[in-house]
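Peer 1: So for the sequence shown, numbering that gives the first Met the number 0 puts the first residue at 0; every next one is plus one.
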Amino acid sequence: MKIAIFGHSGSGKSTLGAFLGELYGAPVLHLDVIAFEEGWKRREMAESRALAQQFMEQDSWIIEGNYRGMAWETRVEEADQLIYMNFPRLTCLKRAWKRYRTYRGRTRESIAPGCPEKLDGEFVFWILWQGRTPRRLARFRKTVKQYQDKTVVLKNQRQLDAFMEQAKKERMQQERM
Numbered sequence: 000m001k002i003a004i005f006g007h008s009g010s011g012k013s014t015l016g017a018f019l020g021e022l023y024g025a026p027v028l029h030l031d032v033i034a035f036e037e038g039w040k041r042r043e044m045a046e047s048r049a050l051a052q053q054f055m056e057q058d059s060w061i062i063e064g065n066y067r068g069m070a071w072e073t074r075v076e077e078a079d080q081l082i083y084m085n086f087p088r089l090t091c092l093k094r095a096w097k098r099y100r101t102y103r104g105r106t107r108e109s110i111a112p113g114c115p116e117k118l119d120g121e122f123v124f125w126i127l128w129q130g131r132t133p134r135r136l137a138r139f140r141k142t143v144k145q146y147q148d149k150t151v152v153l154k155n156q157r158q159l160d161a162f163m164e165q166a167k168k169e170r171m172q173q174e175r176m
């Protein structure tokens, strides 16, 4: 099973990736882990791309994150399932705020070591505007259209909860066989 999760910051990509990784027993790559080095310093894109491509050599994987420069085309092509987290801006901001309150001053497992959780003006601007430029949205829409037969679009928490519940039921049925 190969799953690529993409979408807006604060939509729950990391949480869903961890859930699916545990459910399917598949390794999970949070792209933020390979995008940054300690102190929120950006890693060289060529190195990040090589790490992503090396991870994709496995028989199964779950990759969450966007990063066009980290083998985006290969990721979406090779994935058995694509999940687009298309939550509204204010929902994403609220979720990012909740995450910040939970992890403030600490580094969560879905980010590079030495990068403590933050919610500054730059990140708020990213969540509300910069991460949703027409160009970025067009790439997401193009991917959904091109791979509509293997793409699930989740727009809110109710849909996410239903998706996770259905995945659990299907997994239980597979294990019974």
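Yeah, the Cβ is synthetic: ideal placement off N, Cα and C, and Gly gets one too.
Let me know the secondary structure DSSP gives LEU153 once reduced to three states.
Peer 2: Position 154 of the sequence shown, counted from the first residue, corresponds to residue 153. DSSP places LEU153 within a strand segment (E or B) once states are collapsed to three.
Peer 1: Is it buried or exposed, GLU121, if we count other Cβ atoms within 10 angstroms and call 16 or more buried?
Peer 2: Here residue 121 corresponds to residue number 122 of the sequence shown, with the count starting at 1. The residue is exposed, with fewer than 16 neighbouring Cβ atoms inside 10 Å.
Peer 1: Using a Cβ-Cβ cut-off of 7 Å (strictly less than) and excluding sequence neighbours within five positions of VAL152, which residues of its own chain qualify?
Peer 2: Stepping through the sequence shown from its first residue, residue 152 is reached at position 153. Within the same chain, VAL152 has close Cβ partners TYR83, ASN85 and VAL143.
Peer 1: Per DSSP, what kind of secondary structure is TRP60 in: helix, strand or coil?
Peer 2: Numbered from its first residue, the sequence shown carries residue 60 at position 61. It is a strand residue.
Peer 1: Identify whether PHE35 lies in helix, strand or coil by the three-state DSSP scheme.
Peer 2: Taking the first residue of the sequence shown as 1, we reach residue 35 at position 36. Three-state DSSP puts PHE35 in a strand.
Peer 1: What does PHE5 pair with, by DSSP beta-bridge criteria?
Peer 2: Taking the first residue of the sequence shown as position 1, residue 5 is located at position 6. In the DSSP output, where bridge partners are listed per residue, PHE5 has TYR83.
Peer 1: Using the C-alpha atoms, what's the distance from GLN145 back to GLY6?
Peer 2: Along the sequence shown, one-based indexing puts residue 6 at 7. Along the sequence shown, one-based indexing puts residue 145 at 146. Taking the straight line from one Cα to the other gives about 16 Å.
Peer 1: Terminal residues of the continuous alpha helix (DSSP H) containing LEU127?
Peer 2: Here residue 127 refers to the residue found at position 128 when the sequence shown is read from its first residue. It spans 120 to 127 - the alpha helix (DSSP H) in which LEU127 sits, taken as one unbroken run.
Peer 1: Let me make sure I understand the geometry here. Which of ARG41, ILE62 and SER47 has the alpha-carbon closest to that of THR177?
Peer 2: As displayed, the chain neither begins before 0 nor continues past 176, which places residue 177 out of reach and without an answer.
Peer 1: Could you check the C-alpha separation between GLU56 and TRP96 for me, to the nearest Å?
Peer 2: Counting from one through the sequence shown, the residue named residue 56 turns up at place 57. Counting from one through the sequence shown, the residue named residue 96 turns up at place 97. Those two C-alpha atoms are separated by around 35 Å.
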